[in-house]
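Asker: This is the structure I want to talk about, given as structure tokens.
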Amino acid sequence: MMRGFLSLPTELICHILLLLTPRDLTHCATTCKKIWDASQNSVYIQYKLELFAQGCTETATLDSISVSRKMRSLEKLASSWGSDFDAKIVFEEVVGPMRHGRFPKNQSVKCGLWWMWAQKNLFIRDCDGNIELSRSWRVDSLSSQHQILWSLIFEPLQDLVVAVLVPPYMSVVVTDAGQEHDVFLLEFRSALSLLPHPDSLCTSLQCKHTFSESGAYFVSLLNEPAICGDRAVVLYHVHSIQTRYLSVQVIDWRKGHAKSRSSCHLVDEQTIVVIEEQGHLSLYALQGPGGLPQHRVTYLLPNVAFHRDTPSFVIHATTSFYGTTTRPDLIPCYMPSLESQIMVLEIFSYPCTIILVIDMAIFSQQAIHAETPVEIPCHRIGVFGSKMAYALPQDRTPEPGERLEGFSDDQGHFYVHIWDFNKRVITRAKNASDCSSSHPLVHKPGPLDKTCFIGRVISNHPYTATVCRTPFMAHGFERLFLEQDRLVLSWTCKTVCDTARNSTHIQYKLELYAQGLNDTATLDSIDVYRKMHLLEKLASLWRSDFHAKTVSEAVDGPYGGRLQSAKWWMWNWNLFIRHCGSVTNVERSWPWLTQSFSQQQLLLMRLSIAVDPLQDLVCSVFAIHQLTVTDVKQEYQVFVVEFRLALSQLPYPDSTCTSLNCKHTFDEPGEYVVHVRRTEICGDRVVVVYQVDSESSDAQDLFIQVIDWRKGHAKHYPLCFPFEPDRAIFRLLDEQTMVGVGGDGQLTLYTLRELDGSPQHRVTYLLPNLAFHRHLPSYMIHATPSFYGTTTRPDLLPRYVPSLQSRIVVLEVLSHSWPVILVIDTAIFSEHAIHSEVLLEIPWSDWGPQYTRCFPHYLYRCNQISVFGSKMAYALPRDCTPEPGESLTGFWIDQVHFYVHIWDFNKRLIARVENTYDRGSSPSLPLIRTPGRIAHSCFVEDITSDQPYTATVCRTPFTARRFERLFLQQDRLILSWVGALDYILD
């Protein structure tokens, strides 16, 4: 039989060998030379054996990778901790100033993301420095006067943040035994936006507990909740005068189910380990859909020698990856298999503290499914497993039985040791034929002379030991995290803060982040000291009450105008372009000419113009106002778009055509009227939103033309808008994101596909219910579009532009009775929402209180607001900051003066102002306000906004008579009047 098998081709022998388990394959390869050679020369067999040797299981992220590349990644992983090594810092960042001397304990690392909950903020940082995956959220909005935010936990694979909220007093008075009582509340949020998680059936879930007897009880939660797959587990103690017991809530956060069980560490989705005070290690299995905990096995630790206090315990383990994965891009290539994991148990006892490294093989499937609880004595517990990182003051591996001394803050440095308890890795290290190879040293713990146990404890199981030769600062060291091939360490102390303050590069990075800005290419040639000086100057402009300094003033003719990239422009059959810094070589005044139409034709058309100074582009849209359609199969020209240079009026050289005919297909013959609603330029795209009205059927429809002005392509799409088109307002936020709002109070988010620009309706955010009177309200949207596309005029590109994470959208709700302003944080337009394949409809209660500020408004003027990044300029008739909830009175033409207020909604800037040490060093900081409760508004219910903002005011009075517009941009405020002077303030 063996001879027949060996006569087979080598490829077929390898295929048969791959059907064996790694252990059987290893035994089979030692039977003869041919099988040995076949297994050694097959990359598939070697990959399977290497995977087995490292105690790993591959994930779905490796499906599309060749076996050879998989093998190289495994070999790289094996060499990561294979010998004494030096640390190579990949990423470091100072997250924020610390009010207290230490970090809180709730921080962790998983899938390459570090997170921490501190100072009413949730910080998420990618360990590779990817800013797209990093977030900072204010989470104090989750609390209320009835619920206090007690704990947070972040699960990156599910994009999930679970918040545990408890009542101010955790006492429960039970009068009826068997009655359910509320004990705590859970909220499920998306980590990328902090909006309610779209995969959960409920935003929040009230967890209840059933008490068996009447009486007074006190409920105390243990640690933070544990998340594994679709389950969240919360452990808590229930105290009364007579009794005290441990309970567990098992929550299916996707379905919104919770059940309390009276009976830790969550090992995987079905296994919980509990350490009891008596030194018992108990294993529970969560069975069935409800997660009923079943007591399976109790492992007895050695008898503890009690001295002054009962010992305390801390468990360290790696939870398995289970459940539906929302973020498959974060799954590592390999994860520890269940057979090669360890659990580290720290036993803190006076006078001796020890560590038990426990092989997870004891939690076998046989133990988990045992129907009868089993009690196993201590000699069955071995010390085996996978890797452990340990911070020690010396850079050498401890000798067997040597006492491990800790380090204190007054010591200079410490070193990180990596110990591996994988039996197969240990065997490989023992069998290394080359003594000069970089295999780790094999050690044994040896006998322990002094422990907290009664009797002598001897550990003879080997482990491999390596050490990082790079010393780390001991002062203020807080936590270390080991994950796959990554070691993450965190500090908090005055030394770190002093080091950060003394580093100009770190201060520049923090200042850029604090102001919510991104630097542009215009700063590449400037040294970091000058960059820092520019940032500090920019930060000081609107931080306290200030006076205006007029840079330039001019009379330009008819009214109107817009501001972009330090250029003010206006048209009224003439195009006026003025540089706000009085640079005359970029100023132009053109009579508007076109070669596409005659003067008589122009009188029957509607003209819309958009100017992009960064591209030196003027886009003119000539809309044919009335059309007669006779053939529904034919395309009809609805408008013509011309592309010209702003500085010369010549045809644009980078465009393949001077003018482009944009056509539309009609469903029915008849008479139609075309209205161009908005024209926007963003990069290589021109977006035209237009309305088509049928005079015969009274039908009104919205459409969008997406034009690639460089290539000369145009295509129209219907714009699915859920309300009356004639009241719809649209605004382009960047090259692929557009928002619209309509008469019945819905804020709609669209994305434009990258290839063809077709609009996709993603999310609808419902506004509060409107109190209708005589007419529906109208709306105005103010926002700062992002800078995208090829830049023809880099000299006009500002040094800093607002980052996507720190911008606002201001929505004016212009009702005839009690109009309001909604300031909306663009964080709600997150990547998760933009790429959602399912149309979402989010009620006001789930997004409004957390992401908006609501202010009373005045109806008289619609042009007294301007937005740039996170700042809003607001023209008001007085020079004092409004009190919370105070009604804002507008100004009339017959009034003499008005004042410009600058409000900043940047959360990081607000946090900086709130810090006491910063307040002492900068006495002229702006006031922190909250909008407060609005007594009268156009909404049915009362609106209360508790989100803070900073407020400053320009003390220079401006003439109110014939005031037209104001513009805010970076460090510049521009005002214009009808028939008077234009003031440009720097």
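Just so we're aligned: the sequence shown equals residues -28 to -1, 1 to 958 in mature numbering (1 follows the signal peptide of the UniProt record, and there is no 0).
Cβ atoms here follow ideal geometry from the backbone N, Cα and C, with glycine treated the same way.
Being a predicted model, the structure only gives us computed values, none of them experimental.
1. Should residue 829 and residue 785 be called a contact, given that it needs their Cβ atoms to be closer than 9 Å?
2. Run through DSSP, which three-state label would residue 11 get?
3. Between residue 656 and residue 680, is the Cβ-Cβ spacing less than 9 Å?
4. In the DSSP assignment, find the alpha helix (DSSP H) that holds residue 476 and state where it starts and stops.
5. Span of the alpha helix (DSSP H) holding residue 821?
6. What first and last residue would you give for the beta strand (DSSP E) that runs through residue 634?
7. With C-beta atoms as the reference, is residue 849 less than 9 Å away from residue 870?
8. Where do the N-terminal and C-terminal ends of the beta strand (DSSP E) with residue 50 fall, by residue?
9. Can you tell which of 97, 147, 228, 102 has the C-alpha that lies nearest to the C-alpha of residue 134?
10. Do the region 578 to 592 and the region 607 to 614 touch if we need at least three Cβ pairs shorter than 8 Å?
11. Hey, could you find the ends of the alpha helix (DSSP H) residue 793 is sitting in?
12. Less than 6 Å between C-beta atoms, sequence neighbours within five positions excluded: which residues of the same chain meet that for residue 909?
13. When you compare the CB positions of residue 843 and residue 816, do they come within less than 9 Å of one another, or not?
14. Taking residue 923 as the reference, give the member of 599, 856, 104, 369 with the closest Cα.
15. With residue 928 and residue 949 assumed to form a contact (beta carbons below 8 Å), what rounded beta-carbon distance in angstroms separates them?
16. Output the distance between the C-alpha atoms of residue 164 and residue 130, rounded to the nearest integer angstrom.
17. Can you give the Cα-Cα distance for residue 730 and residue 823, rounded to whole angstroms?
18. Give the secondary structure of residue 19 by DSSP, where H, G and I count as helix, E and B as strand, and everything else as coil.
19. Under DSSP, the alpha helix (DSSP H) around residue -1 begins and ends at which residues?
20. Just tell me which of 174, 78, 152, 740 has its CA closest to the CA of residue 462.
21. Can you tell me whether residue 622 is buried or exposed? The criterion is at least 16 other CB atoms within 10 Å of its CB, across all chains shown.
22. Taking the straight line between their C-alpha atoms, what separation do you get for residue 858 and residue 851?
23. May I ask which residues mark the beginning and end of the alpha helix (DSSP H) holding residue -19?
24. On the three-state DSSP scale, how would you describe residue 204?
25. Leaving out the 5 sequence neighbours to the left and right, which residues in its chain are closer than 8 Å to residue 31 when beta-carbon positions are compared?
26. Could you tell me the alpha carbon to alpha carbon distance between residue 392 and residue 288, rounded to whole angstroms?
27. Tell me the DSSP secondary structure of residue 88 in three-state form.
28. Starting from residue 926, follow its DSSP beta bridges and name the residues at the other end.
29. Below 8 Å, is the gap between the Cβ of residue -18 and the nearest heavy atom of the ligand ATP?
30. Of the residues 453, 902, 649, which one's Cα is nearest the Cα of residue 691?
31. Could you check the C-alpha separation between residue 21 and residue 6 for me, to the nearest Å?
32. Select from 712, 749, 739 the residue whose C-alpha is nearest the C-alpha of residue 732.
33. Is residue 137 near residue 204, with beta carbons less than 9 Å apart?
34. Do residue 479 and residue 504 have their C-beta atoms within less than 9 Å of each other?
35. Does DSSP put residue 619 in a helix, in a strand, or in coil?
36. Assuming contact is defined by CB atoms lying nearer than 9 Å, are residue 938 and residue 845 in contact in what I supplied?
Answerer: Straight from the coordinates:
1. Against a cut-off of 9 Å, the Cβ pair of residue 785 and residue 829 comes out as a contact.
2. helix
3. yes
4. In this chain, the alpha helix (DSSP H) harbouring residue 476 covers 476 to 486.
5. 816 to 823
6. 631 to 637
7. Contact flag set, yes.
8. Here residue 50 belongs to no beta strand (DSSP E); instead the alpha helix (DSSP H) covers 39 to 52.
9. Minimum Cα-Cα distance from residue 134 among the listed residues 97, 147, 228, 102 corresponds to 228.
10. These segments touch.
11. First-last for residue 793: 792 to 797, but that is the beta strand (DSSP E), not the alpha helix (DSSP H).
12. 790, 792, 915
13. no
14. 856
15. The C-beta distance from residue 928 to residue 949 rounds to 15 Å, too long to fall under 8 Å, and the pair is not in contact.
16. 11 Å
17. 28 Å
18. helix
19. -7 to 1
20. Ranking the options by Cα distance to residue 462, first place goes to 78.
21. exposed
22. Rounded to whole angstroms, residue 858 to residue 851 spans 14 Å at the Cα level.
23. -19 to -12
24. Here residue 204 sits in strand by DSSP.
25. 293, 303, 304, 305, 306, 307
26. 15 Å
27. Here DSSP, grouped into helix, strand and coil, assigns residue 88 to strand.
28. Partner(s): 518.
29. Absence of the ligand ATP is noted for the structure shown, with no ligands found whatsoever.
30. 649
31. 18 Å
32. Per the Cα distances, 712.
33. no
34. At the C-beta level, residue 479 and residue 504 come within 9 Å of one another.
35. coil
36. Result yes, Cβ atoms of residue 938 and residue 845 sit closer than 9 Å.
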